[in-house]
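**Q** Pasting in a structure now, in structure tokens, and then I'll have a few things to ask.
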Amino acid sequence: MPDLLLELRSEEIPARMQRKAAGDLKKMLTDGLVEAGLTYEAAREYWTPRRLTLDIRGLTARSKDISEEIKGPSISAPEQAVQGFLRKAGLASVAEAHVHSDPKKGDFYVAHISKPGRAAEDIIAELVPGIIRNFPWPKSMRWGPASAKPGSLRWVRPLQSILCTFGPETEEPVVVDFEIDGIRSGNITYGHRFHAPDAITVRRFGDYVSKLEAAKVVLDADRRKEIILADARNLAFANGLDLVEDEGLLEEVSGLVEWPVVLMGEFEQAFLAIPAEVIRLTIRANQKCFVTSRPISPLEGEMSAKPTEGVGTTGRDVLSRTEDAGAPRETTPSGLPAISPSRGEISQLSNRFILTANIEAKDGGKEIAHGNGKVVRARLSDALYFWTTDQGDLPDLGELEASAKKFGLDLSKPLDQRMARLDHLGVTFHAKLGTQGERVERIKHLAEELAPIVARSISPLEGEMAGRPEGVAAPEAPASSDRDRASRPVVPTPSVAFGDISPSRGEITALASRAAVLAKADLTTEVVGEFPELQGAMGRKYALLQGEHPSVAAAIEEHYKPQGPSDRVPSDPVSITVALADKLDTLAGFWAIDEKPTGSKDPYALRRAALGVVRIILENRIRISLDVAIAATVASALAAYERLGEGAESRGLVTMLDSRIREYKGASRLLSEAGLISNLLKGGLAKASSEIFGPADQGREFFDGQRIMELEASLSPFIADLVAFFHDRLKVYLRDQGARHDLIDAVLATSSRPISPLEREMSAKPTEGGAVPPSSQRQAPPSALPGISPSRGEIGQSSNDDLLQIVRRVEALGTFLDSEDGRNLLAGTKRAANILAAEEKKKTVIAETVEPALLRENAEKSLFAAVNQAEKQAGEAIQNDDFSAALLALSVLREPVDSFFEHVLVNDEDQAVRANRLALLARIRAATGQVADFSKIAG
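Going by my numbering, the sequence shown opens with residue 802, and the numbers climb by one from there.
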């Protein structure tokens, strides 16, 4: 069968556009051919900087003849309908139509249409010009005299020639003839711009590839990548170096050359004093070159005088340049002594780089390498200036004192100066969320609230440091129980410059506060201004240079993590705290101004931020309530707002809370009440924390019940919506981990708090087994409703806000349902839930409590006793976070439930007995509902 070869040759196509453009060409042409009635066996696209090529094999030589009938209206139909039929069928008059008869519908018009097949050459000649004119380039241009005319051809770069041949391998192919804007198709192409600029006559794809290769053009982009990578590795190895591989750069470079020639350039070794990341980005971004590293022996490169890696001094004298070139002490361009850094830092880079030329130079590429070296030196000189300038004093220190006082900054330290400048300049974060300085203050307050919770999540027996009372878990720390040992993930060592040293639990709050203040400081540095992708990484380096605690330095870099599903999460407790604070403030702020993700649009990467919170909590096993975290976020925003004083403009969370409180209780004096409200929320935070970790700090102000209810009434819709968003991200995360979707839904549909047999009954009715306490002795429930606590049947409406508990329940539930007891209990519980749902739909009376005196059959008495026992044991197990034990306690319900349905008629004629038995079924649903809503589980 015939083959089609198409080449569109132009001036250099930007490398970033080539792969997609070749794919678009393949799709548009093959779709058009199929739509025209042709078929093909295979198609493959190719590209170089100067051409897009398509090779289609086994294309049919002619489309099939088509015969079809188009049914029209009745012969008695109105003239307008008949004319519409004629236009649709392409008939000139009704005389060209046929009349068919139908026993039911009578006579009607039918058009018999015959379309003869077309030659593939004609179809291609008609199709390709349209594709070229409508090609979806991100950017395109017009050129030459024709560009002045309306509708002139547009292409990414001037289109120079079109090659299009068609024919079988056994015959001489023909040129598919067509013309577009004066460019006529042919069988001519051209090789390398410099090495082989003459015309090349081509017959089909096989000789096309071989002739281009002879003309110094490698057509296959993947082969060019292989050549570049292999030659770069070999050249580096020959010089005793290792290539620092970069897949993105390799893809780009392969799109810059048609005949890759790998060369090596070099720059002065003194430039290695610049951080490795800066060197690499400078050379990569400006010259599209690869860097190399020097293999280091196990004992090489360690610094005897300092524990830090890659930090030679405090950085205060970094601007001084050594004047005496003849001094015996070797110096670097930054003025630092030539200290050999440790293995983890910049000594790995060498002063040689790999470049890829597009020609074979007569001198072996010496001049090309030399010219690239000159440009690299100029760029590195700029980078060195940025690096040293960032470690010096700012010229406007006098104007920064107010900002320094606000954040407790030390203006003798360069990074503190940059943070003060960030606040002083009023750099906007978002028009509705305020400045970066205001955001930093919110994050600082929130980090101080979250730090104790993160600290308490560390086992008391783990992570002790020699000479220190408290610390952070080492990678192989002993587990506190067999269950913990089995389920604990391997936690990587905190990536701080001082090795494995992490702060003690008592230090975490102060360090998190300091890290939060400095987290955004590097945004105003010269290096980050030039290379925004180094934000965080440069802040860490500058922090180490000015003597910050290694955990503070690590948090400055790691609070942006994870930046994707494959990125690692921070493991140092200070980094965890600041990362959570940063992401929660972002999420709550954009939620407050109603800038939520919609469909495929997520301009502020809120889904990524929420997934980051989920991963940080789960992979570090942090016990924290989302309700508590969001309330703390609002409290932090209020605390920051209060500090602004009179005349302060409310933004984001503060504006949202003001409007909600105004809706709830009328006029709001939010600024005068901001401190009180913040303390109330913090009181709620302290209470919620104590439910998980024990008594709250004694020195902390507790909350007023009525005011916290007002706040919760105004905040509950906001918190519920944001928690639901976290649940969606959690579902995505767990499904990626292989969890069953129905188990996730079942766990999320129920409450996470254990319920004792005597808890949560309606206050208007006597509880089971005890009297209702007087109202004066009852504590106000944590809701906005006036003193009514829900019955057991209603409890499943509350939210799951402890992500770690959700995951543990999903795991335990999956294991339990794999057993025979689990499957049988699931069947019985779903039967009970279905009966209850049907009766509730019919509005059948269901007793609020089970009355033992109305239990007649032995089976229902046994079930009642079993439910009481199982509910109590399951509640105690859940309080101990042992969900496997809770499900084991519930498994004893299997036989009583089976016996109940076998021997007891639920819909008894006696209405009281029926209501009592339905209440017993509700007890089964509530008991199992402590772990999951079994009605949502498949099977």
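Every residue gets a Cβ at the ideal spot worked out from N, C-alpha and C, and that includes glycine.
Using the rule of at least 16 other Cβ atoms within 10 Å of the residue's Cβ for burial, across every protein chain shown, is residue 1250 buried or exposed?
**A** buried
**Q** Take every Cβ of the stretch 951-966, pair it with every Cβ of the stretch 1011-1023, and state whether three or more of those distances are shorter than 8 angstroms.
**A** Not touching, per the Cβ criterion.
**Q** State the Cα-Cα distance for the pair residue 1420 and residue 1534, rounded to the nearest angstrom.
**A** Straight-line Cα distance between these residues: approximately 11 angstroms.
**Q** For residue 1044, which residues does DSSP report across the bridge?
**A** 1093
**Q** Could you work out which residue in 1352, 1338, 1330 and 1348 is closest to residue 1314 when comparing CA atoms only?
**A** 1352
**Q** With residue 1345 and residue 1338 assumed to form a contact (beta carbons below 8 angstroms), what rounded beta-carbon distance in angstroms separates them?
**A** Rounded, the Cβ-Cβ distance is 11 angstroms, inconsistent with contact.
**Q** Cα-Cα, which of 1021, 803, 1020 and 1048 is closest to residue 1033?
**A** 1048
**Q** Hey, residue 909 and residue 874 are a contact pair by Cβ (cut 8 angstroms); roughly how many whole angstroms apart?
**A** Right, their Cβ atoms sit about 6 angstroms apart.
**Q** Pull up the distance between the alpha-carbon of residue 944 and that of residue 1007, whole angstroms please.
**A** 33 angstroms
**Q** Taking all protein chains shown into account, do 16 or more other C-beta atoms lie within 10 angstroms of the C-beta of residue 1371, making it buried, or fewer, making it exposed?
**A** buried
**Q** If I measure Cβ to Cβ from residue 1019 and keep anything under 6 angstroms in the same chain, skipping five residues before and after, which residues do I get?
**A** 1025
**Q** How many whole angstroms separate the CB atoms of residue 1207 and residue 1224, which I take to be in contact at a CB cut-off of 8 angstroms?
**A** 7 angstroms
**Q** Straight-line CA distance for residue 934 to residue 1052?
**A** 28 angstroms
**Q** With 16 as the cutoff for other CB atoms within 10 Å, does residue 899 come out buried or exposed?
**A** exposed
**Q** What do you get for residue 1730, buried or exposed, if any count of 16 or more other CB atoms within 10 angstroms of its CB means buried?
**A** buried
**Q** Starting from residue 968, trace the beta strand (DSSP E) in both directions and tell me its first and last residue.
**A** 960-968
**Q** Which residues does DSSP pair with residue 1064 in a beta bridge?
**A** For residue 1064, which the question treats as bridged, DSSP gives the partners 1156.
**Q** In the DSSP output, which residue or residues are listed as bridge partners for residue 942?
**A** 956
**Q** Distance check for residue 1082 and residue 1329, CA to CA, integer angstroms please.
**A** 11 angstroms
**Q** Among the residues of its own chain, which have a CB less than 6 angstroms from the CB of residue 1170, if the five just before and after it don't count?
**A** Taken in chain order, the residues that qualify are 1064 and 1066.
**Q** Tell me, to the nearest whole angstrom, how far the beta carbon of residue 1434 is from that of residue 1734; I am working on the premise that it is less than 8 angstroms.
**A** No, residue 1434 and residue 1734 are not in contact; Cβ-Cβ is about 29 angstroms, not under 8 angstroms.
**Q** Just mark residue 1601 as buried or exposed, buried being the case when its beta carbon has 16 or more other beta carbons within 10 Å.
**A** buried
**Q** Beta carbon of residue 1327, beta carbon of residue 1522: below 8 angstroms?
**A** Not in contact: residue 1327 and residue 1522 (Cβ atoms no closer than 8 angstroms).
**Q** Could I get the ranges of all uninterrupted alpha helix (DSSP H) runs contained in the stretch 850-925, with 4 residues as the minimum, in chain order?
**A** 880-890
**Q** Contact defined as beta carbons within less than 8 angstroms: I believe residue 979 pairs with residue 929. What is the distance between those atoms, to the nearest angstrom?
**A** The C-beta distance from residue 979 to residue 929 rounds to 6 angstroms, short enough to meet the 8 angstroms contact threshold.
**Q** Closest to residue 1662 by C-alpha separation, out of 1335, 1691, 1717 and 1616, would be which residue?
**A** Comparing Cα-Cα distances from residue 1662 to each of 1335, 1691, 1717 and 1616, the minimum goes to 1717.
**Q** Considering only the beta carbon of each residue, do residue 1154 and residue 1091 sit closer than 8 angstroms?
**A** yes
**Q** Going by CA-CA distance only, name the one from 1712, 1215, 1664 and 1173 that's closest to residue 1693.
**A** 1664
**Q** Indicate whether residue 1373 and residue 1389 have their beta-carbon atoms separated by less than 8 angstroms.
**A** no
**Q** If you compare alpha carbons, which of 840, 847 and 854 is closest to residue 861?
**A** Of all alpha-carbon atoms in 840, 847 and 854, the one lying nearest the alpha-carbon of residue 861 is that of 840.
**Q** Check this for me: beta carbons of residue 1375 and residue 1423, under 8 angstroms apart or not?
**A** no
**Q** Which first and last residues belong to the alpha helix (DSSP H) in which residue 1403 is found?
**A** Counting along the chain, residue 1403 falls outside any alpha helix (DSSP H), and DSSP gives it neither H nor E.
**Q** Is the CB of residue 1524 under 8 angstroms away from at least one CB in chain B?
**A** Structure shown: chain B not included; a single protein chain is present.
**Q** Would you tell me roughly how many angstroms separate the C-alpha atoms of residue 1704 and residue 1727, rounded to the nearest one?
**A** 22 angstroms
**Q** Please classify residue 835: is it buried, with 16 or more other beta-carbons within 10 angstroms of its beta-carbon, or exposed?
**A** exposed
**Q** Within 10 Å of its beta-carbon, does residue 1395 have 16 or more other beta-carbons around it, so buried, or fewer, so exposed?
**A** exposed
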